[in-house]
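Here the working numbering = 1-based position in the sequence shown + 53.
Glycine included, each C-beta is placed from N, C-alpha and C at the ideal position.
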Amino acid sequence: VDVKQGSFNTYCPLGYQMCELAGTDVVATINGIQAYGRGNNISINTNTLALSMDVTDGVTGSTSFDITGGGALFQLGPNVVSSQQMRIGIGSMLSTNLGGSSGMLYQLKDGGEADVRSGVQARVLADKIVNEAISFVANTRGRLGAIQKSSLDPNISMLQDSLVALTEAEASYSNADFAEESSNLTRLQLLVQAGMTTLGIANQFPQYAAQLVRG
54 VDVKQGSFNT
64 YCPLGYQMCE
74 LAGTDVVATI
84 NGIQAYGRGN
94 NISINTNTLA
104 LSMDVTDGVT
114 GSTSFDITGG
124 GALFQLGPNV
134 VSSQQMRIGI
144 GSMLSTNLGG
154 SSGMLYQLKD
164 GGEADVRSGV
174 QARVLADKIV
184 NEAISFVANT
194 RGRLGAIQKS
204 SLDPNISMLQ
214 DSLVALTEAE
224 ASYSNADFAE
234 ESSNLTRLQL
244 LVQAGMTTLG
254 IANQFPQYAA
264 QLVRG
């Protein structure tokens with residue numbers, strides 16, 4: 054209940070006055086980014102992560118979790134079912150996630166464990182981290198390229214062929230209707246011409262009969 058002006062009292066079903074307690078919004082960071090807290094709900098929306106979750110009252114400290122869903126959803130078939138859809142997700146490309154067993158890319162910053170100006174060991178560590186980061190990015194690009202080549206491109210070609218077939222079918226229906234109407238028009242024109250010819254012949258019969266009488 055939001056009180057805009059004045060004060061109010063709350064009572065339980067038995068008629069006893071109840072006290073009012075004001076809570077605080079949860080405060081949390083996710084992947085080093087300050088999350089928006091409202092009550093027990095925290096949410097975050099960045100270029101690499103968008104999520105919303107509820108936390109338990111009174112819990113403090115840090116915890117980790119795995120995201121098993123998400124990514125981009127591609128519709129590959131005509132029916133909206135999971136068997137005709139593909140979900141593609143990639144790992145975070147932040148400096149806190151790029152690297153490998155030797156370390157992460159953010160450690161190359163000034164004062165970090167892999168600061169190249171700190172000494173020979175730091176330069177060796179920086180070289181390993183950079184190579185592992187390059188390998189991670191290359192593997193991700195290769196996986197996305199394989200998905201595009203083996204799934205998306207063939208599906209695009211199939212949809213284009215289907216579009217051509219549907220366009221041809223629609224054109225054949227339209228042309229069939231036009232041809233039918235044209236044939237009906239031609240038939241009516243022939244009937245009119247035949248009727249006029251018959252009428253002309255019939256009008257000549259009295260003249261033939263008069264010639265026979267005179268003859």
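Handout entry: Best match in 89, 81, 157 for proximity to residue 148 [C-alpha to C-alpha]
Key = 157
Handout entry: Cβ of residue 171 within 8 Å of any chain D Cβ
Key = Among the protein chains of the structure shown there is no chain D, as only one such chain exists.
Handout entry: Cβ separation of residue 160 and residue 182, assumed to be a contact under 8 Å, to the nearest whole Å
Key = 6 Å
Practice task
Tell me whether the beta-carbon of residue 86 lies closer than 8 Å to the beta-carbon of residue 99.
Solution key: yes
Problem - contact_flag[the segment 127-144, the segment 192-212] where n(CB pairs < 8 Å) is 3 or more - result: yes
Exercise for the section: Could you spell out the range, first to last residue, of the beta strand (DSSP E) harbouring residue 135? Expected result: Careful: residue 135 lies outside any beta strand (DSSP E) and carries neither H nor E.
Handout entry: Element boundaries [beta strand (DSSP E), containing residue 95]
Key = 94-98
Problem - Any alpha helix (DSSP H) of 4 or more consecutive residues that is wholly inside the segment 142-200 - result: 173-200
Problem - residue 174 to residue 185 span [Cα, whole Å] - result: 17 Å
Exercise for the section: Going by DSSP, name the residue or residues bridged to residue 89. Expected result: 96
Handout entry: Through-space distance from residue 192 to residue 217, alpha-carbon basis
Key = 36 Å
Problem - Neighbourhood of residue 130 by C-beta, 7 Å cutoff - its chain only, sequence neighbours within 5 removed - result: 137
Exercise for the section: Mind checking which residues open and close the beta strand (DSSP E) that includes residue 81? Expected result: Residue 81 -> no beta strand (DSSP E), and no H or E assigned at all.
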